[in-house]
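Engineer: Numbering (our numbering), first residue to last: 522 to 966. Using N, Cα and C, we set each Cβ at its ideal position, and we do this for glycine too.
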């Protein structure tokens, strides 16, 4: 901001009308300068001074909610702004805060109102488009993105990438994110999505590099801090993991996942724990937090999810078959699609009574279902290990050992594999079970 050296937060917040662009400028400046952040926190603590300068109590409450959002306290901003009377500033800031809080359906309604009030504002238009994408309204979002991309802004290319991303077009998404970063090298949303895609693909080193780059930007991206913390835990760097979770807790003291992960990270600094169990728990929480809008379900399934208010996979596994079959035009074919997807993630629908489906029950142990002991066909020995669905830990180990085919894996005994760092008995059981499904037994000695 041109006036950064002399910016008076109190005077700016006392201005009757603040545009979305101005609000974002203030937010960036406050998170880059400790003195301005401290000043704003003091103003919010003694809000009456600013409130008196504004035209109404409602305007004062809306501006207080905006101030909370500027500081990064999105959930507190939602609480303040929700009961306020509608207006462009209220609807825009509330919509942004709801997006950051992982509530895209609620954000969509607010941002539509903001767009109705001023459809020409590029900040409102971009936020409204993102809400459409995250709620699964991809067709409407596509025409919206096409209009925005004509302006060649970083945010427009990011939205183009996000739309391709949630539709499963990874290469197109990567190209759009990289284009956004050409326009604005520090564009945080594009950096995060790139890091997230690399993380899922097992390219940890590059993902870690981008996450660390993101963590230095302000305001802090909460999902970045959580994902980075999990990566550090996987590497056994528990102090760094705890620092990441503390970043979240500084802004959201009651954040359940951050509190749980912080507890685990601290415990790991002083005592032994089951690494496999901790990693499974962290990955499960990450899976359950995934928004359903990012999954390529059929229109009928997406409609049912919206009607049941299932915004994430965690919400979805709380629903039963009866919940879905009670929706008009939702039949067994759609239910099969839903169950097959959950099964691919190791999840299931609830059995009812408010009991979550969560992880599927483990299959019987190998000794209860012995595998054939005959010779393994050459065709199977030549099969690539990448053709199987492995957990991230197993994939990293076989890549590190240079194992490419089933034959390469069969040349190693269980004892050989257990010598690998971060591969425990639980992982061996997973490998044994996966091979058993193809009629193969691992070498014991």
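From the DSSP output, which residues share a beta bridge with residue 905?
Structural biologist: 926
Engineer: Could you tell me which residues DSSP pairs with residue 841 in its beta bridges?
Structural biologist: 871
Engineer: Output the residue ranges of the alpha helix (DSSP H) runs that lie fully inside the region 689-761 and measure 4 residues or longer, sorted by chain position.
Structural biologist: 691-704, 709-721, 725-736 and 743-755
Engineer: Could you tell me which uninterrupted alpha helix (DSSP H) segments, each at least 4 residues in length, are contained entirely in the region 546-631, listed from first to last along the chain?
Structural biologist: 555-566, 569-572, 578-592, 595-602 and 609-621
Engineer: Could you work out which residue in 850, 753, 711 and 812 is closest to residue 825 when comparing CA atoms only?
Structural biologist: Selected option, being the one with the closest Cα: 850.
Engineer: From what residue to what residue does the alpha helix (DSSP H) around residue 643 run?
Structural biologist: 643-655
Engineer: In angstroms with no decimal places, state the Cα-to-Cα distance between residue 545 and residue 603.
Structural biologist: 20 Å
Engineer: Could you please give the first and the last residue of the uninterrupted alpha helix (DSSP H) stretch that includes residue 532?
Structural biologist: Segment 530-534, the alpha helix (DSSP H) holding residue 532.
Engineer: So, at 7 Å on beta carbons, what are the nonlocal neighbours of residue 713 in its own chain, with the 5 sequence-adjacent residues on each side left out?
Structural biologist: 735, 742, 744 and 745
Engineer: What does residue 833 pair with, by DSSP beta-bridge criteria?
Structural biologist: 812
Engineer: Confirm, please, whether the CB-CB distance from residue 591 to residue 547 is below 8 Å.
Structural biologist: yes
Engineer: With DSSP collapsed to three states, give me the class of residue 849.
Structural biologist: coil
Engineer: Of all the options 689, 580 and 642, which has the alpha carbon lying nearest to the alpha carbon of residue 654?
Structural biologist: 689
Engineer: For residue 827, name the three-state secondary structure that DSSP assigns.
Structural biologist: helix
Engineer: Within a Cβ cutoff of 6 Å, which residues of the same chain sit near residue 961, ignoring the five residues on either side of it in sequence?
Structural biologist: 897
Engineer: Figure out for me which residue from 672, 684, 646 and 644 has the closest Cα to the Cα of residue 663.
Structural biologist: 684
Engineer: With 16 other CB atoms within 10 Å as the buried threshold, where does residue 875 fall?
Structural biologist: Any reading at residue 875 needs caution, since the residue's pLDDT is 47, under 50, leaving its predicted position unreliable; the model's value is listed next. Exposed, since its Cβ has fewer than 16 Cβ neighbours within 10 Å.
Engineer: Would you tell me roughly how many angstroms separate the C-alpha atoms of residue 551 and residue 557, rounded to the nearest one?
Structural biologist: 5 Å
Engineer: Is the region 811-825 close to the region 640-648, with three or more CB pairs under 8 Å?
Structural biologist: no
Engineer: Might you give, ordered along the chain, the residues of its own chain that have their beta carbon closer than 6 Å to the beta carbon of residue 710, omitting 5 neighbours on each side?
Structural biologist: 679
Engineer: Count the other CB atoms, across all protein chains shown, that sit within 10 Å of the CB of residue 570; report buried if there are 16 or more and exposed otherwise.
Structural biologist: With fewer than 16 Cβ atoms within 10 Å of its Cβ, residue 570 is classed as exposed.
Engineer: State yes or no: is the C-beta of residue 838 within less than 8 Å of the C-beta of residue 868?
Structural biologist: yes
Engineer: On the DSSP letters alone, give me the boundaries of the alpha helix (DSSP H) that residue 681 sits inside.
Structural biologist: Element bounds for residue 681: 675-687.
Engineer: Where residue 807 and residue 619 are concerned, what is the direct C-alpha to C-alpha distance, given to the nearest angstrom?
Structural biologist: 19 Å
Engineer: Residues in its own chain within less than 8 Å of residue 765 by CB, not counting five upstream and five downstream?
Structural biologist: 736, 746, 747, 749, 750 and 753
Engineer: Helix, strand or coil for residue 897? Go by DSSP, reduced to three states.
Structural biologist: coil
Engineer: On the criterion of 16 or more Cβ atoms from any shown chain inside 10 Å, does residue 656 qualify as buried, or is it exposed?
Structural biologist: buried
Engineer: Among 948, 933, 905 and 919, which has the Cα closest to the Cα of residue 927?
Structural biologist: When only C-alpha atoms are compared, the closest one is 905.
Engineer: Quick check on DSSP: helix, strand or coil for residue 538?
Structural biologist: coil
Engineer: Rounded to whole angstroms, what is the Cα-Cα separation between residue 854 and residue 675?
Structural biologist: 41 Å
Engineer: Does the region 623-634 come into contact with the region 553-568, if we say contact requires no fewer than three beta-carbon pairs (one atom in each stretch) closer than 8 Å?
Structural biologist: Output reads no: the region 553-568 does not touch the region 623-634.
Engineer: Hey, would you say residue 949 sits closer than 8 Å to residue 939, going by beta carbons?
Structural biologist: yes
Engineer: Keeping to the same chain, check which residues put their C-beta closer than 7 Å to that of residue 813; ignore five residues upstream and five downstream.
Structural biologist: 826, 831, 832, 833, 834 and 837
Engineer: Would you mind giving the Cβ-Cβ distance between residue 561 and residue 588, rounded to the nearest angstrom? I have them listed as a contact below 8 Å.
Structural biologist: 6 Å
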